[in-house]
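Shown next, in C-alpha cells, is the structure this report addresses.
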Amino acid sequence: MDKEKLYSFFYILPIILVTLLLFIFPVIYSLYISFTNMGLLHFFHYSYVGLRNYIIIFKYGYFLQLLENTIIWTVGSLVTMMGLGFALALILNQSDLKGRSIFYAILILPWAFPGFISLLIWQGLWVDPYGMMNKLILPMLHLPTINSLTSTTDAWVELILTNDWLSFPYFMVVFYSALQSIPRELYDIAELDGANIFARFMRITLPSLKKTIAFVFITSFVFTWNNFYPIYVLTGGGPGISTETFIVYAYQEAFSYSNFSLAAAWSVISSIFVIVLAIIVIKYTRILDTYF
Amino acid sequence: MSVKRERALSKTIVAVIAVIIIVIVAVGGYYAYISTTHHPSMVTSTTYTTTSTTTTTTSILNTSNPQALMQLVGLTSPPSTNVTITVWNSYSTSENQAFNETLAQFEKEFPWIHVEVTYGVGVGTSQFETAAKAGKAPIVYRDTSDSGGALFAAGLVLNLSQYLPPSIVNLYLPTAIQDWELNGSLYGLPDNINYIVMFYNKHYVPYPPNTTAQLIQIAEQVNKTYGIWGIAYGASDEYGYRFAAWFAGFGGSIFTTTSSGQIIPALNSTAMAEALNFWYNLTYNLHINYLAPSTGAGGAEGQLFIANKTAIIFDGPWDLNAYLQALGPNLGAAPLPVVSQTGLRAAPFIGSTGWLIATPQASGATQMQIKAALIFILYVTNYQSDLRLFQVAHDIPANVQAYNEAIAELNAGELQPSYLNQIMEGILEQAKYGQKFPNIPQMAYYWNSFHQYASEFFANKINATQAAQGMEQAFIQSLVQNGLLSEILPLPAMYALYLAFILAASVLVVSTYPLIIKLPKW
Amino acid sequence: MKGLSLKYKLFKILRLGISYIVLIIMAIFSVFPLYYVFMTSFSNAPNLISLGVSDLFPKHIYFIAYKELLTTNLYGGSFPLWVRNSLILAGSTAVISVLLALITGYALSRLDIPAKKTLATFIYIVTFFPYTATAVPLYLLFAKMHLLNYMGLILAYTPGTSIFAAFIAKLSIDSIPPSYEEIAMIDGLSRFQAFLRIIMRLALPVVALTALLGFDGAYLDFALAYSFLLPNVKQWTATIGLYYLAGLLNPASAPAYNIFAAGSVLMGIPLMILFIVSQRMMTRAYSNLAGVKQ
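Residue numbers (my numbering), protein chains in the order written: chain A, 1 to 292; chain B, 293 to 814; chain C, 815 to 1108.
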C-alpha cells in the first residue's frame, strides 16, 4: 500500500515542481519586491520601504480609475463574448439548419488564426481614416468612424469589439460541444409533454449547460482580467489612462518606466482582486465540486 | 462525502486568502515599522573614487591607429588569448550598412577581439535593464544620451572618466559630448547628433514657413488646393520629445531650479497651455493637422509623407533616407518655425546617440573584455567610422574631424545626389536653434507624465490648463516616489496611512471570512 | 391541426431565416480581417496608408512581399530558419504539455492522493497570477539557472496549457472505465504501460486539444521569447522575426506592411488548417466539461 502511495506521488510530482518553480516562487518574489524600492535608481542596491508602494498607489495611483477600467474591460468583454458565443452555438445546434459544418468551420477561423498577429491586423484596421474599418466598413453601414485617440468611448468600443472577434469562437465551440452532449431524447420527451421552445430552453438547455457556463466563466474571467495584449497593442491604455487596466499599467510601470517595485505592488493588488472574486464565484457555483 | 469535500475546499480557500492577506499585512506592517525607524534614504549619489589610469597621452589623441588605441586603454601588445565582446546595436537599416563596413575593418585591425553583434535592438529599451538585473547585459550597448543617463544613474553603465584621459572629450563636438556627461562623469561616446527638423514636400510647399502664421497659411493653402493634409503631427501619441520644441517656442522650459538649488518641474505654465491649444486649434478647428496614431518613417506620419498625402512632418535625420528615396528632389528640410505669438523659435532637443559599456556587475565582463570594449567604442566613434555613418546614412557626425569633413563636403556641394546638399543645409541649420537635451535622472519621469495628460487633452477629456496642471502634478509625484524630490508627506500622515491600510486589510479579512466559510448553496 | 402546422412552418421559416442572416453576418465579420491580410500580402503597397479599397479586389497579384520575406538574410538569420526554430520549440512544448497534462489528469482521476482536491484547487488558483507578477522573477531565476534558451522557454510555456488541460484530461479519464486498465494490468502491463497504451489512446481528443493549445502558445509567444532569445539572431523564433521584418521591433528599421502581411499568412494559415482539421477532436474534448460525474 505504501509503495502504491509513493507511486501515486510520482505522478503528481512533476506538476507540483513546475507549480512551485514557475508560479509560487515568482509570486513570492514579486510580493517581496513590492515592499522594496527596486527601480531604476535603486537597481542593484534596494532597500525595504514597507508599505510605501501601496500607499503611493492608494494616494496617487489612480486606483479607482484603474479599477473601473478593469471592470469595464472584463465585464464588457465577457458579457458580449459569451453572449455572442452562446447565441451562435444555439443557432448552430438547430438540427434542421443546413450547412452547419461550413458555418462552424468559418466561424472558428478568428480563433484558429494566431491571436497576436490578429491584434496587429486589427490595429491597422482601426487607424482613422486610413484603416479599412474606418475607410470601408463603417461608412458602408452608415456608422460613425471610430478613433481611439479622440474619444474614450471610441477606445472602449474598439477594444471590446476586437476582443469579441478574437474570442467569440472559443465560447461558441465550448457551448456547442456542451449542447451536442445533451441527449436528444430529453427534448423529445419535453416536446411530447407540450413544452414550447422557450420552456425547453429553460428546463433542459440551461440546466445542462450550467456547469459549462460556470467553468468557462471563471477561466475566462481570470483570463480577461489578466489579458494585456489587446489593450497594450491597440490603445496602449490611452487616451491618457482611460483604458488602462491594472495589468497593462503594471506592465508599463515595469517594462516602460522601470518602476519594478511599484509594478509588483500593482500586480499584487490585481491578483488579490481577481483571486478573491474567482474564489467567491467558485464557491457559489461549486463548480470544482462537481468535477471531483 | 460532499460535505467533506466542501470543507476541504473551504479550507483551501480560506488558507489561500488568509495566507495572502496575512503575509501582506504582516510583512508590510513589519517593514512599515522598520522603515519608520530607518527612514528610507533619499538619493544616495554614489561617488566613485577615481583611479583613472594615467596614460601617457600625446598631445592629440589618435583613435584611428590600432596601436594608439591599445595604448590608450593601457595595453602594449594584444593579449595571448582572444577576447569576445557582446554588442547590442540599435542602428537603422541604412546605418547598419555603414556599421558593418566599420565592423569588418575593426575585426581586421583587431584580430584578437571577436565581436558578437545583436541587431535589431530598439533604443531606450528595458530589455537592457532586465538583462542587467540578471548580469546578462551585453558588454557594449548603443542608446540615446538621455536613456543612457538614466542607465548611468542606475549604476548599469561604466563611468568612462575612470578609464579614459580627460582629453578624450576633445575628439567630439561639445554639443554632442556634453550630452554624455553627468556630474562631471563621462558615460558614453557619441556617434551622432540628432534632433527633429521640419521636412516638407516642395511639390506642395512653395517656401519653408519661417513663422507659425506662415505655417498655418501654407497648410491651409495645401489643404484647399490639393485636398491633402497640411501637417501630420501626432500630438496625442507624443511622449513629449517633439512637443518639447513647441513648449520652448511658447516660452516654457521643463525644469526650473529653486533658490535652494533643487531641480523641479515647470510644466504647469501658460506656455504649456498655449502650446497645447495651438495644436488643438490646428487639429480640431482648422482641420489642417492629422492627429497621427504613430510617428517616424514607419508610422502613420511618415507613411503619409512618403505617399504624398501630407505636405509637412516633423522628424529627425535618422529617417532621412526613407524620405529621400520616396520624394527625391521634392524633399525639403528646414528648421522649425518661429512661434508668431512669442517671437521665439520652436527649439527641439539636441540629443545624441552613442556607445556605452555596461558595468561588470551588469554584464559579467572581465577587465580584459572592458579594455576590448573601450577600444571598440573608441573605434566606432572615430573619424573614419563617423564619416562613413554620415556618408552612408546621413547621420550628423559627433566626431569633430568627421563633422568638419562633412561640412567641407557640404560647402563644396559635393554630396550626391546634388539636391541632398540643400537638404543637409536645412538640417544643420536647425542645430542653431535647439535646446540642450536634459540627461539628468529626473528627465526619465517626464515622458509619461506628459503623455498621459496630453493625450487626454487631445481626446477632449480635459482642457489645456487642466492638462498642464495634471502633467506637472504627475511629474512631481513620480519624482517624489523615486526619491528625486524631498518627501511631501509629513511623517504623522505616513503613520496614519499605514494604519488605515492595515485596518482596511484586517476589515477585508474579517468581512470575507464568514462569507467564505458559510456561503449559501447555489 | 392544420393551423398549428402552418404556424409551426412559419415559425420554422422565420427561425431559420434569422439564423442564416446572423450566421452570414458573423461569417463576414470573422473572415474580413483575414481576407484583408491575405490580399495585402499580395499587394505591392508598402504601407498601410497607401492601401486602397481596390487592393481588396486586386487586378494584379504581386509576390514581392513573399520573395522578400523568404530571401532576406539578416546576419545569419532568415525567416525559414526562424520558422524551423519555432516548429522545434512549439513541437517540444506540445509533447511535454501533453505528457504533463495527461499524467496529472490521470493522477487526479485514478490515484489515491491525499488532499487531492485541495491540491488541485491550489494548483488551479495559482495560475490566476498574472504574467506581470511573474515575468521579472522568472527571468532572473532562469538566467541564474542558465536556462535563457529553448529549454527554458519550453519549461516556461508548458504549465499554463497543462494545468488547464489537466482538468479536462481528468474529466475525460473519469469517463473511461477503470476496468480497461485493470484488465491490461492483469495481462502483465505495468501501470505506466497501461497509462500509455490505454489512457492515451482513449483520451485522444484531450491529447489533441492539449497538443494544439501547447503548440499554439509556444508558436505565437512574443514577450518571453524576445527576452530570452534576443541576443542570438539565429535562434530567433518566427514571431520575433516577423516583428523585426515588419519594422515593429526597432522603429528605425525600414517597415513594410505587405511583408508583415505575408509573414502573417505564412505563419497563420498552417496553424489555421491544423485547427480546422482537429476541430472535431476539440469539440469532443470540451464536451467533457458538460459531462456529469456520478
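The beta-carbon is built from N, C-alpha and C at its ideal position, and this holds for glycine as well.
Three-state secondary structure assigned by DSSP to residue i
i, result
"Arg637(B)", "strand"
"Pro498(B)", "coil"
"Phe1036(C)", "coil"
"Gly236(A)", "coil"
"Thr290(B)", "Lying outside 293 to 814, the shown extent of chain B, residue 290(B) is not represented and no answer is given."
"Phe228(A)", "coil"
"Met716(B)", "helix"
"Lys869(B)", "A question about residue 869(B) goes unanswered here, because the residues of chain B that appear run from 293 up to 814."
"Phe893(C)", "helix"
"Ala195(A)", "coil"
Close-in-space but distant-in-sequence residues of the same chain around residue i (CB under 7 Å, 5 per side omitted)
i, result
"Asp154(A)", "Ile146, Asn147 and Ser148"
"Leu612(B)", "His686"
"Gly966(C)", "Phe956 and Phe1042"
"Ser34(A)", "Asn53, Ser261, Ala264, Ala265 and Val268"
"Ser30(A)", "Ala264, Ser267 and Val268"
"Leu92(A)", "Arg100, Phe103, Tyr104 and Tyr176"
Chain B contact for residue i (CB, 8 Å cutoff)
i, result
"Thr152(A)", "yes"
"Tyr60(A)", "yes"
"Phe103(A)", "no"
"Gly39(A)", "yes"
"Ile241(A)", "yes"
"Leu149(A)", "yes"
"Tyr257(A)", "yes"
"Phe23(A)", "no"
"Ile56(A)", "yes"
"Phe44(A)", "yes"
"Phe273(A)", "no"
6 Å Cβ shell around residue i - same chain, five flanking residues per side excluded
i, result
"Tyr994(C)", "Ile1012"
"Thr74(A)", "Thr224 and Trp225"
"Trp165(A)", "Pro110"
"Asp410(B)", "The amino acid at residue 410(B) is misidentified as Asp; the sequence shows Thr. Correct list, in chain order: Trp380."
"Gly262(B)", "One cannot answer for residue 262(B) here, as it falls past the ends of chain B, which runs 293 to 814."
Beta carbon proximity, residue i to chain C, threshold 8 Å
i, result
"Val268(A)", "yes"
"Thr235(A)", "no"
"Lys601(B)", "yes"
"Trp165(A)", "yes"
"Gly76(A)", "no"
"Phe215(A)", "yes"
is_contact[residue i, chain A] using C-beta, thresh 8 Å
i, result
"Thr907(C)", "no"
"Ile939(C)", "yes"
"Ala751(B)", "yes"
"Ser900(C)", "no"
"Asp927(C)", "Sequence check: residue 927(C) is Ile here, not Asp. By this cut-off, Ile927(C) is an interface position."
"Gly1082(C)", "yes"
Close Cβ partners of residue i (< 8 Å) along its chain, the five nearest in sequence each way excluded
i, result
"Ile440(B)", "Per the sequence shown, the amino acid found at residue 440(B) is Gly instead of Ile. Result list for Gly440(B): Val449, Trp472, Tyr479, Gly480, Gly646, Leu648 and Asn731, in chain order."
Proximity test, residue i beta-carbon vs the ligand ADP heavy atom, cut-off 7 Å
i, result
"Ala537(B)", "Here there are no bound small molecules, and the ligand ADP is not part of this structure."
*Contact list for the segment 983-1013 of chain C against chain A, Cβ threshold 8 Å*: Lys984, Leu985 and Arg1005
*Run through the segment 508-589 of chain B for me and flag every whole alpha helix (DSSP H) of 4 or more residues, listed as ranges in chain order.*
535-541 and 562-572
*Scan the segment 672-705 of chain B and note each continuous alpha helix (DSSP H) run of 4 residues or more that stays entirely inside, going in chain order.*
675-685 and 692-703
_Please list, in chain order, the residues of the segment 1022-1049 of chain C that have any C-beta partner in chain B closer than 9 Å._
Tyr1040, Ser1041, Leu1044, Pro1045, Asn1046 and Val1047
*For the segment 418-431 of chain B, which residues have a CB atom closer than 9 Å to at least one CB atom of chain C, in sequence order?*
Gln419, Thr422, Ala423, Lys425, Ala426, Gly427, Lys428 and Pro430
*Please list the residues of the segment 118-138 of chain A that have a C-beta atom closer than 8 Å to any C-beta atom in chain C, keeping them in chain order.*
Ser118, Leu120, Ile121, Trp122, Gly124, Leu125, Val127, Tyr130, Gly131, Met132, Lys135, Leu136 and Ile137
*When you check each C-beta in the segment 846-868 of chain C against every C-beta of chain B, which residues fall closer than 7 Å?*
Asn861, Leu862, Ile863 and Ser864
*Could you name the residues of the segment 737-762 of chain B whose beta carbon sits closer than 7 Å to any beta carbon of chain A, in the order they occur along the chain?*
Asn740, Gln744, Tyr745, Ser747, Glu748, Phe750, Ala751, Asn752 and Lys753
_What ranges does the beta strand (DSSP E) occupy inside the segment 734-768 of chain B, keeping only unbroken runs of at least 3 residues that lie completely in it?_
none
*Where the segment 436-463 of chain B meets chain A: residues whose CB sits under 9 Å from a CB there*: Ala442, Leu443, Ala445, Ala446, Gly447 and Leu448
*Taking any Cβ of chain B, which residues in the segment 870-897 of chain C have a Cβ under 7 Å from it, in chain order?*
Leu888 and Tyr889
*Length at least 3, wholly inside the segment 423-481 of chain B: the beta strand (DSSP E) runs in chain order*: 432-436
*Within 8 Å of chain A by C-beta, residues of the segment 909-920 of chain C in sequence order*: Leu914, Ile917, Thr918 and Tyr920
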